[in-house]
Amino acid sequence: MREALISILILTLAASALAEQPSPTGFFEASVAGQLGAEEVMLATPTPEKARRWLAHLTEEAHVAGTEQERLVAEYVRDRLEEFGLEAEIVRYEVFLNHPEEVSLRLIEPIEEELSLMEDFLEVDKDSAAQGVFPAFHGYGASGSASGQIVYANYGTPADFEQLAKMDISVEGRIVLARYGQVFRGLKVREAEKRGAVGVILYSDPEDDGYMQGDVYPDGPMRHPSAIQRGSVQYLSVQPGDPSTPGYPSRDGATRLSRSEMKTVPRIPSLPISYREAEKILRALGGERVPDEWQGGLPFSYHVGPGGAAVEMSVAMDEGLKPIFNVFGYIRGASEPERTVILGNHRDAWTHGAVDPNSGTSAWLEAARALAAAVESGWQPARTIVFASWDAEEYGLVGSVEWGEDRAEELSANAVAYLNLDSAVTGPRFGVGGTPSLRDVVRESIARVPEPNKGGTVGEQWEQRLRSEWAKRAPIDLDSPDDEFELHLGQLGSGSDYTVFLDHLGIPSISFGFGGKYGVYHSIYDNFRWMERYGDPGFVYHPTAARFYGLIAMRIAAAEVLPLRYGSYARALREQLDDLRRDVVRKRRQAEDLQDESVLNADFGALLGALDQLERAGGGFDQAVEGIVARADSAAAAAVNEALIQVERALLVEDGLPDRPWFRNVVYAPGLTTGYAPWPFPELRQAVEDDDAALFDRGAARAIAALTEMSRRLERAAPGPAN
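The working numbering puts the last residue of the sequence shown at 862; the count rises by one with no breaks.
See the structure below:
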């Protein structure tokens, strides 16, 4: 009864919102009423009951990529798409993966004790005793044995290892203990290996996602003392995808690298553990007390080591080629069927994956069901909508990267946008990152999605929060004005399946979700019980995510003029560049205090000029396009759409970024030393980090050339006034 009442309320709110809305961007006046009517059908279709049903089935068993359980989940997803009336298929690849055969970790000093590599069984949670769950291991972690003294390295960032060096503490021949956070786990292992460590142990500190952040599971949403964060240790910011086929697809007969030839996986063994087991090591650790900022949340003073604690670790992996299964569904376009709008979500999980990723899979299925209902009502998109359910994302975005490399030519020619959904729901807080060209269609779409608990729309809540956060920022210490709020999408780095589309192929992309307190990431407790009690009680945000997903897909796929707009693009980039400029100013001031002349003195003048040019070109383009829409000029619309496909491909460079040529976008990339977090203008950021004047000059020249070419493409695409 409660779910029925919620559905009725949401339908009423949706109808009310649509009745008040202005014409959606890019639609001719004659088609607006039909589009809005079809959107009402779509918005009314997702329900809590269906979302709950999909998630319950998807999370019945753990389903790691390369296992039989994951193949069965792929078939379940394909069957649901066909049940909705969509054309569907499974595309199989053979890729390099690993699963643990035997793992162990033993404390050998000051006492001998076997350390647990599995979570506790909790009587209130049946899934915590599930069969078929792998013990603690790292995807792409190396097989091997190691023993030695422990050195604690805080978060294991390059700066943390540099701090150890300043303290005259070497990790060579030792085992590094580091906590999760700040940078991608694979880069922690990489830094330790570069400095001569023989093994790495990673744990989640209670300061970051345990009892210092809230009640722990099963009494709350935060990390239980025994919970372990599994995950991949591939060098994600160097190159994602199958490490045996770097830069080309894993087709049958492809040339394969051996493990020893792979450049994006570790050579030393590593293991994740819980903070309960890490405490046994940290309590015994001797040496200096840690710097204040390295102190975590365990109830004693941390020490760096070495001395006092030593461990012995053993990792044996079953590794080699294993099958993965991407699932696709299609709604074919009527007038531009070769153009594609891709809705992607990965399906594989380290355990049951109720949040990561199957909250996204549940919402993705509801979006597919809702769009199928719109088609049944008579709506048909101009462009083809592709539903993509990726496999092996957790190992390193493998399913999406292999498909993206396999279809690179076709995608480069025809893909309009990629819309990503990963962990869709951990709470009520909406967030979205993406390329600035999609800002307007994101903003108007989310503004029409009812907020199920707070009233109003999700868009109202989102904009209000962003405005409040902007007002609290410190004053800008630069010569560019920044005294008015302008809504921008968040920045995309990496760590999810948009990476191949944005960073390798230059396709406009977004990634979104609803967030909240979430402490069971990649553990056995990321399961249906956690979601039902803490992530989304009532399952109201899963269908809310589906409504936004469906609505933005409908608008991009059906608009007579593609709703890619560029008036705000340069302003968003300038705001991101200002962050880098502020860092340069800080470094210069610190260097002056220390009389250090080695710090880079960067000149951003020419780059700011290129952004000014882009702002003029983008504004002129947007204005010209509005004229096409106003006069319903179909011929001009077709010409503009043809040109729009290639506008952001101008940001790609053929030889890629320094030290990582797979990443080809000179404006968007993950940080080389962060993995997940973004580095806008990545060559310039790397140059500032390294104080490399030559790299800065080269990167600035390439960024200026790309932005100038993007401006030219917009100027050529903008039609003149009608005769």
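Beta carbons are placed, not taken as given, at the ideal position from N, Cα and C, and that holds for glycine.
Looking only at its own chain, which residues have a Cβ that is under 8 Å from the Cβ of residue 593, when we skip the five neighbours before and after it?
567, 600
Need the endpoints of the alpha helix (DSSP H) that residue 609 sits in, please.
597–610
Measure the C-alpha to C-alpha separation of residue 245 and residue 411 and round it to an integer number of angstroms.
13 Å
Thinking C-alpha only, which one of 597, 587, 704 is nearest residue 757?
704
If you draw a straight line from the C-alpha of residue 259 to the C-alpha of residue 416, how long is it?
12 Å
Assigned exposure category for residue 443 - 16 Cβ within 10 Å defines buried:
buried
How about residue 371 and residue 535: do their beta carbons lie closer than 7 Å?
yes
Using only the alpha-carbon positions, how far apart do residue 515 and residue 697 sit?
15 Å
Going by the DSSP bridge assignment, what does residue 320 pair with across the sheet?
322
Alpha carbon to alpha carbon, how far is residue 355 from residue 486? Give it in angstroms, no decimals.
26 Å
Within the chosen definition, does the segment 525–533 reach the segment 487–495 through at least 3 CB pairs nearer than 8 Å?
yes
Beta-bridge pairing of residue 463 - partner residues as DSSP gives them:
232
Could you check where the alpha helix (DSSP H) with residue 694 kicks off and where it finishes?
680–697
Quick check: the Cα distance between residue 326 and residue 742, rounded to an integer number of angstroms?
30 Å
Between the beta-carbon of residue 864 and the beta-carbon of residue 527, is there less than 7 Å?
The shown model of the chain, from 140 to 862, leaves out residue 864, and the question about it has no answer.
Residue 191 to residue 659 span [Cα, whole Å]
19 Å
Distance CB(residue 564)-CB(residue 653) smaller than 7 Å
yes
Strand pairing of residue 452, partner residues [DSSP]:
244, 285
Span of the beta strand (DSSP E), counted from its first residue to its last, around residue 815
Taken as a continuous stretch (DSSP letters only), residue 815 belongs to no beta strand (DSSP E), as it is neither H nor E.
Just how far apart, CA to CA, sit residue 331 and residue 439?
25 Å
Within 10 Å of its beta-carbon, does residue 457 have 16 or more other beta-carbons around it, so buried, or fewer, so exposed?
exposed
Can you tell me the Cα-Cα spacing of residue 707 and residue 693, whole angstroms?
23 Å
Looking only at its own chain, which residues have a Cβ that is under 7 Å from the Cβ of residue 368, when we skip the five neighbours before and after it?
319, 343, 411, 660, 661, 662
N-terminal and C-terminal residue of the beta strand (DSSP E) that residue 475 is part of
475–485
Ends of the beta strand (DSSP E) at residue 254?
First-last for residue 254: undefined, no H or E at that position.
Alpha carbon of residue 181 to alpha carbon of residue 347, nearest angstrom:
39 Å
I'd like to confirm the pairing. Which residues does DSSP put opposite residue 428 in its beta bridges?
442
So the beta strand (DSSP E) residue 561 belongs to, where does it begin and stop?
554–564
From 176, 207, 218, residue whose alpha carbon lies closest to that of residue 193
218
Quick check on this structure: which residue in 838, 809, 691 has the alpha carbon closest to the alpha carbon of residue 745?
838
Span of the alpha helix (DSSP H) holding residue 540?
537–545
Can you give me the C-alpha to C-alpha distance between residue 505 and residue 539, rounded to a whole angstrom?
21 Å
To the nearest angstrom, how far is the alpha carbon of residue 164 from that of residue 644?
25 Å
Terminal residues of the continuous alpha helix (DSSP H) containing residue 650?
Where residue 650 is concerned, there is no enclosing alpha helix (DSSP H), although the beta strand (DSSP E) it sits in stretches over 648–654.
Please list, in chain order, all residues of the same chain as residue 751 whose beta carbon is under 8 Å from its beta carbon, the five residues on each side excluded.
709
Check whether the segment 275–294 and the segment 389–407 touch, using three or more Cβ-Cβ pairs below 8 Å as the test.
yes
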